[in-house]
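> What follows is a single structure, and I will ask about it in a moment.
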Amino acid sequence: MRILFLSPRQCWPTRSGAKLREYHFLRALARDAEVDYAYFVDSGSQPLTKAELPECRNIIPVPKPGAYTAGQKLLGLVGKWPLPILNYTSPLMMEAVQGLLARNRYDLIHLDSIHMIRYPENSGAKVVYNWHNIESEAMRRFAQTVGSGPKSWYARITADKMEVLERGMLRDDFGQIVCSERERVQLAAIAPKARISVVENGVDTSYFHTDHDGPASKNLVFVGTMDYYPNVEAAISFARNIWPSVRSRVPGVRLAIVGANPTLTVQELAQLPGITVTGTVPDVRPYYRNALAAIVPLRTGGGTRLKILEAMAAEVPVVSTPLGAEGLAVTPDTDILMADPDDVGAWTGHIGQLVDSPDLGGGLAGAGLDLVKTRYDWEILGRKLVATYRDWLRASND
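So the sequence shown is numbered by the numbering used here: it starts at 17 and just counts up by one.
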């Protein structure tokens, strides 16, 4: 196979769930096929080279365009293209892609999310989309939780425009890769004839394996990029509304909010008793070692949460909202504990139970580890992606 892989982000270092999914998909495809990788370089970062991506045939870095300008916001409101697409519209990327298409014949163009939708227009190539989430759904959830009338209004308009683009993708393009069966069913209801396959989010189980050197502490951990709105909203809501009750039930409990680029509002949470905000850390694994639990108090967002899979691979019990665990093949009270985002009693009770009953935490951690080893390891999922693309191409040529 010859594949052109187009991305709106720089996949390395893997400091977000989207980058992790892209990085492992890219490497899996490049080990089995000839892959050219064109992407937008992160601001302030050095372009990637063969040292980071030795399997790729060619690596084409393009400067990332400016985003959220006044002109883009206005066009996103009155024009065809919604703001998330305009933020990634670049004449330099268009020139790079057209040059690659003129010099090469590709079996597939892999678009790593809808944000790159404009670049293969009128190319005649077989285009496959990797859906990190259903963007229109995530935008509508944002509109419901943002707490600002103008932002909510703009988000609803954006969601409508994103849905129009999504329906066109499902109707016109070669194939779709989604994160979960829930998303496959949702998209198949819109376009029953579309090629849609599930290749889940995953985890490097060997990397996150942790030797626990003692009994569980009273430390909780919440991991995620801390300038990403769903994580910011979750951290603030949990700290303000749930945390005081947890502190009362479990004296000495501590919470580490671990992740890059914490906003000022997240940084301010460190002023609350028992809470630490780390910012960027070189290695998240020490925060999992002997942790009482990983919490995922998400109230908005989309896709599936790699933070849950990482905690399970580290043999740490997980307490999550139903939306936080959405799309994962988890079983409440067997490999995960569930609490609605505003249910103070449920959050407090689950965390208290983990302190009172070490066997409960051990059972959850063991079941979670078994789940990720057998279903969510990146090696398994990489082979699944490659097989999917080969099967689709073979069927289309028969």
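All C-beta atoms in this analysis are idealised placements derived from N, C-alpha and C, irrespective of residue type, glycine included.
Report the rounded CA-to-CA distance for Trp-394 versus Cys-195, giving the unit in angstroms.
Between Trp-394 and Cys-195, the C-alpha separation is close to 13 angstroms.
> Could you tell me which whole beta strand (DSSP E) segments of length 3 or greater appear in the stretch 108-160?
As far as the stretch 108-160 is concerned, its whole beta strand (DSSP E) runs of at least 3 residues are 124-127, 143-146.
> Which residue wins for smallest C-alpha separation from Ala-362, given the options Pro-374, Gly-60, Pro-338?
Ala-362 has its Cα closest to that of Pro-338, out of Pro-374, Gly-60, Pro-338.
> Anyone know if the C-beta pair for Val-269 and Leu-236 falls short of 9 angstroms?
A contact, by the Cβ cut-off of 9 angstroms.
> Using C-beta distances below 6 angstroms, list every residue in its chain close to Gly-240, excluding the 5 sequence neighbours before and after it, in chain order.
Closer than 6 angstroms at Cβ, skipping near neighbours: Asn-247, Gly-275, Lys-323.
> Whose CA, out of Asp-349, Asn-413, Thr-316, lies closest to the CA of Ala-159?
Closest option to Ala-159, Cα to Cα, is Thr-316.
> Assuming Val-335 and Val-219 are in contact, meaning their beta carbons sit under 8 angstroms apart, how far apart are those beta carbons, in whole angstroms?
The pair is not a contact, with the Cβ atoms about 18 angstroms apart (cut-off 8 angstroms).
> Just verifying my parser: in three-state terms, what is the DSSP assignment at Met-178?
Helix, per DSSP.
> Leaving aside the five residues before and after Gly-33 along the sequence, list all residues of the same chain whose C-beta is less than 6 angstroms from its C-beta, in chain order.
Closer than 6 angstroms at Cβ, skipping near neighbours: Leu-322.
> Do Lys-142 and Ser-412 have their C-beta atoms closer together than 9 angstroms?
Result yes, Cβ atoms of Lys-142 and Ser-412 sit closer than 9 angstroms.
> Do three or more CB pairs link the stretch 363-381 to the stretch 301-311 at distances below 8 angstroms?
A contact exists between the stretch 363-381 and the stretch 301-311.
> By how many angstroms is the C-alpha of Ala-86 removed from the C-alpha of Leu-2?
Lying outside 17 to 414, the shown extent of the chain, residue 2 is not represented and no answer is given.
> Tell me, please, which residues DSSP counts as bridged to Gln-192.
Beta-bridge pairing links Gln-192 to Tyr-145, Ile-212.
> Name the DSSP beta bridge partners of Glu-50, please?
Glu-50 is bridged to Arg-18.
> Considering only the beta carbon of each residue, do Leu-45 and Leu-401 sit closer than 9 angstroms?
Taking 9 angstroms as the Cβ cut-off, Leu-45 and Leu-401 qualify as a contacting pair.
> Should Tyr-384 be labelled buried (16 or more other beta-carbon atoms within 10 Å of its own) or exposed?
The sequence as given places Gly at residue 384; Tyr does not occur at that position. Label assigned to Gly-384: buried.
> Can you check which of these residues, Asp-176, Arg-200, Ala-175, is closest to Leu-186 by C-alpha distance?
For the residues Asp-176, Arg-200, Ala-175, the minimum Cα distance to Leu-186 belongs to Arg-200.
> Quick one: Cα of Phe-224 to Cα of Gly-140, how far?
Roughly 42 angstroms between the two C-alpha positions.
> Once DSSP output is grouped into helix, strand and coil, what is the label at Val-237?
Val-237: strand per DSSP, three-state reduction.
> Go through its chain and collect everything with a Cβ distance to Glu-50's Cβ below 6 angstroms, but skip five positions before and after it.
Answer for Glu-50: Arg-18, Arg-73, listed in chain order.
> Since Thr-292 is in the beta strand (DSSP E), which residue starts that stretch and which ends it?
Taken as a continuous stretch (DSSP letters only), the beta strand (DSSP E) holding Thr-292 covers 291-295.
> Give the secondary structure of Ala-307 by DSSP, where H, G and I count as helix, E and B as strand, and everything else as coil.
Correct three-state label for Ala-307: coil.
> Round the Cβ separation of Glu-249 and Thr-161 to the nearest angstrom and send it over; I've been treating them as touching at under 8 angstroms.
Yes, they are in contact, since the Cβ atoms of Glu-249 and Thr-161 sit about 6 angstroms apart, within 8 angstroms.
> Identify every run of the alpha helix (DSSP H) within the stretch 338-386, keeping only runs that are complete inside it and at least 4 residues long; order them along the chain.
Correct list: 360-372.
> Kindly indicate if chain B contains any beta-carbon less than 9 angstroms away from that of Leu-387.
Absent here is chain B; the protein component of the structure consists of one chain.
> Quick test of the definition: if touching needs 3 or more C-beta pairs under 8 angstroms, does the stretch 146-157 touch the stretch 108-124?
The stretch 146-157, when compared against the stretch 108-124, does not touch it at the 8 angstroms Cβ threshold.
> Consult DSSP for Leu-271 and reduce its assignment to one of helix, strand or coil.
In the structure shown, Leu-271 sits in a strand (DSSP, three-state: E or B).
> Since Val-332 is in the alpha helix (DSSP H), which residue starts that stretch and which ends it?
Taken as a continuous stretch (DSSP letters only), Val-332 belongs to no alpha helix (DSSP H), as it is neither H nor E.
> Where does Pro-29 sit, in a helix, a strand or coil, going by DSSP?
In the structure shown, Pro-29 sits in coil (DSSP, three-state: anything other than H, G, I, E or B).
> Identify which residue in Ala-329, Val-360, Tyr-392, Val-371 has its Cα closest to the Cα of Gly-343.
Among Ala-329, Val-360, Tyr-392, Val-371, the Cα nearest to that of Gly-343 belongs to Tyr-392.
> Whole angstroms are fine: how far does the CA of Met-109 sit from the CA of Tyr-135?
Spanning the two alpha carbons is a distance of roughly 8 angstroms.
> Can Leu-285 and Val-293 be called in contact, C-beta distance under 9 angstroms?
Yes.
> Quick check: what's the CA-CA separation for Ile-212 versus Tyr-39?
Rounded to the nearest angstrom, the two C-alpha atoms are 21 angstroms apart.
> Sort Thr-404, Gln-202, Ser-61, His-131 by Cα distance to Leu-181 and report the nearest one.
Here the closest residue by C-alpha is His-131.
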